[in-house]
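Below: one structure, written as structure tokens.
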Amino acid sequence: MAHDWTVGTKDKKGIKQDEEYAILVGLVQQLQTEEEVKEYLDELEFLALTAGAKTRKRFIQKLNHPDKRTFVGKGKLEEIKEYIDGREEISMVIFDDDLSGKQVNILEEFLKVKIIDRSTLILDIFASRAQTAQAKTQVELAQLQYLLPRLRGLWTHLERQRGGIGMRGPGEKEIETDRRIVRDKISLLKKKLEKIDQQNMTQRKQRGSMIRVALVGYTNVGKSTLMNLLSKSEVFAENKLFATLDTTVRKVVIDRMPFLLSDTVGFIRKLPHHLVESFKSTLDEVRESDILLHVVDVAHPLHEDHVRTVNSTLKELGALDKPTLLVFNKIDLYREQNYDDLLTEEGKREIEEGLLGNLHYMFDQECMFISAATNENVGALKMKLQQMVHEQYMIRYPYKAKEW
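For the sequence shown, numbering that gives the first Met the number 0 puts the final residue at 403, and the numbers step up evenly by one.
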């Protein structure tokens, strides 16, 4: 089968793994603008960098629908090939949408480099980040579920053996065998996950009558940094997508009032459906929480779109109606990007009050600005969080609330 889940293993002409270079390809389809697609490719470039590949060039084409065979049009494909042919260091082309197995084979045959789509790239990053048995099992399950419908297209030797009606012959038997192996493996992984889920459920029950707060948000918005601030612990945090994959739970005490705080995997646009399905057990922390702290990178130009993406995933998880505080992080970076030296402090306050009011109106949720990096307004966040936790104790465990 002409398919490889890893981004950094097939080196071209001696190029080392950490020196891989890629081309990005995106389509401006119906109901999309070129600006939107450029933003998607910015995110795709960050994903590629997280996986270990540097971007050399981007190609964007306007098409109502992707070409069934080559995704892009014939002329654009020739343009991409011409660019690759003159540059030996390029080892892959990454497409911003999912490709069929047939498309992958046709493109690899024509361009003579590795072809990767957005879902494969995200799955590869998840595979490299997975640490626990649960996360590794979830990623493997998602990979196999993604692979199963693409098996026929990925069997290049079948094309050469194509015969009469139904393609009778040994090739068909082999692919059916592979399908059965993949299905059996999927079934086995699902049973393994069920067992892990039961163990995790037992652990959650043993935590006793404590209010649970879950940090949610788009990937790379500063959830882990905020987790470290609130819990005074050292949770891994870095400026890469999906730095946190396994759920981390810490006990936090604010003014003698204890609660459980969990940091969860970040969400992203176009997150592969199978990945969401596989990670639903990890996201049980979100489903079973009493309060959500929805962290947003206010300095990102698409922060409003990020809020909608996360809310859409929360809705899918059945967790959108929980008490939620929208925490707009990185306000220091926002000022750095948007204010000049001539703006007065009063002018800055007016701008931020207006922005906060608009965000509150837009999402109909309580909002606040903070900077986890500089500790700005974190004290106010703790006070607000304490108030929300206390309210939940009064509803769920009123006898506990009397202890403080």
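Ideal Cβ placement from N, Cα and C applies to all residues, glycine included.
Computed from a prediction, not measured in an experiment: that's the story for all the values here.
For the alpha helix (DSSP H) holding residue i, just list the boundary residues, first then last.
i      : result
Asp84  : 73 to 84
Met226 : 222 to 230
Would you tell me roughly how many angstroms separate the C-alpha atoms of residue i and residue j, rounded to the nearest one?
i      : j      : result
Gln31  : Phe70  : 17 Å
Ala318 : Tyr360 : 21 Å
Ala213 : Val326 : 12 Å
Glu173 : Arg268 : 36 Å
Tyr39  : Leu150 : 28 Å
Lys190 : Arg128 : 22 Å
Ala50  : Ser223 : 20 Å
Leu135 : Leu225 : According to the sequence as given, residue 135 is Lys; it is not Leu. Approximately 26 Å between the Cα atoms of the pair.
Ala141 : Gly72  : 30 Å
Ile180 : Leu187 : 10 Å
Arg68  : Lys184 : 30 Å
Glu335 : Thr176 : 58 Å
Thr373 : Glu303 : 23 Å
Val215 : Asp84  : 44 Å
Val295 : Asp66  : 36 Å
Leu48  : Tyr398 : 51 Å
Glu344 : Leu229 : 28 Å
Leu341 : Phe362 : 32 Å
Leu120 : Val112 : 15 Å
Asn219 : Asp283 : 21 Å
Arg249 : Leu98  : 40 Å
Ser115 : Met91  : According to the sequence shown, residue 115 is Ile rather than Ser. Near 7 Å, if we compare the C-alpha coordinates of Met91 and Ile115.
Ser261 : Asn227 : 11 Å
Tyr145 : Leu270 : 12 Å
Gly221 : Leu46  : 17 Å
His305 : Ile59  : 23 Å
Between which residues of its own chain and residue i is the CB-CB distance below 7 Å, once the five residues before and five after are set aside?
i      : result
Leu43  : Leu23, Ile93, Asp95, Arg117
Tyr396 : Ser208
Asn310 : Leu319
Lys12  : For Lys12, the pLDDT reaches just 40, beneath the cut-off of 50, and the residue's location in the model is therefore unreliable, although a value from the coordinates is still provided. Correct list, in chain order: Glu87.
Glu375 : Ile330, Asp331, Ile369
Met387 : Ile290, Pro322, Leu324
Lys231 : none
Glu18  : none
Using a Cβ-Cβ cut-off of 6 Å (strictly less than) and excluding sequence neighbours within five positions of residue i, which residues of its own chain qualify?
i      : result
Phe125 : Val138
Leu332 : Ala298
Lys80  : Leu110
Leu324 : Leu292, Glu365
Arg211 : Leu259, Ser288, Asp289
Val27  : Glu33, Val36, Lys61
Arg57  : Leu23, Leu40
Lys53  : Tyr20
Leu274 : Ala141
Gln29  : Asn63
Ile380 : A quick correction: the sequence has Leu, not Ile, at residue 380. If we look at Leu380 and ignore the five residues flanking it on each side, its Cβ neighbours are Ile369.
Arg286 : Leu316, Ala318
Leu358 : Cys366
Suppose the cutoff is 8 Å on Cβ atoms and the five residues either side in sequence are ignored; what does the same chain contact list for residue i look like?
i      : result
Gln385 : Ile253, Asp254, Met256
Arg55  : Tyr20, Ala21, Ile22, Arg86, Glu88, Ile89
Pro300 : Glu38
Lys347 : Arg334, Tyr338
Leu143 : Val181, Lys184, Ile185, Leu188
Glu390 : Pro322
Thr308 : Tyr217, Phe266, Ile267, Arg268
Leu147 : Arg178, Val181, Arg182, Ile185
Met367 : Leu324, Leu325, Val326, Phe327, Leu355, Asn376, Ala379, Leu380, Lys383
Gln197 : none
Starting from residue i, follow the beta strand (DSSP E) in both directions and report where the run begins and ends.
i      : result
Met91  : 89 to 94
Met404 : Past the boundaries of the shown model lies residue 404; the chain is included only from 0 to 403, so the question cannot be answered.
Ile59  : 52 to 61
Arg249 : 247 to 253
Arg149 : Arg149 -> no beta strand (DSSP E), and no H or E assigned at all.
Arg68  : Segment: none, Arg68 is in no beta strand (DSSP E) and carries neither H nor E.
Leu214 : 211 to 216
Does residue i have its Cβ less than 8 Å from a Cβ in chain D?
i      : result
Ala126 : This model lacks chain D altogether; it includes just one protein chain.
message = Runs of 4 residues minimum, wholly inside the stretch 332 to 383: which ones carry the alpha helix (DSSP H) assignment?
response = 344 to 362
request  = Starting from the N-terminal side, write out each stretch of the beta strand (DSSP E) that is 3 residues or longer and does not extend beyond the stretch 264 to 323.
outcome  = 290 to 296
ask   = So does the stretch 67 to 81 actually touch the stretch 97 to 108, counting three or more Cβ pairs closer than 8 Å?
value = yes
Contiguous beta strand (DSSP E) assignments of at least 3 residues, all confined to the stretch 111 to 137 = 113 to 116
Every unbroken beta strand (DSSP E) within the stretch 17 to 45, with a cutoff of 3 residues, ordered by chain = 19 to 27
request  = Say whether the stretch 343 to 356 touches the stretch 302 to 319, bearing in mind that this needs 3 or more beta-carbon pairs closer than 8 Å, one atom from each stretch.
outcome  = no
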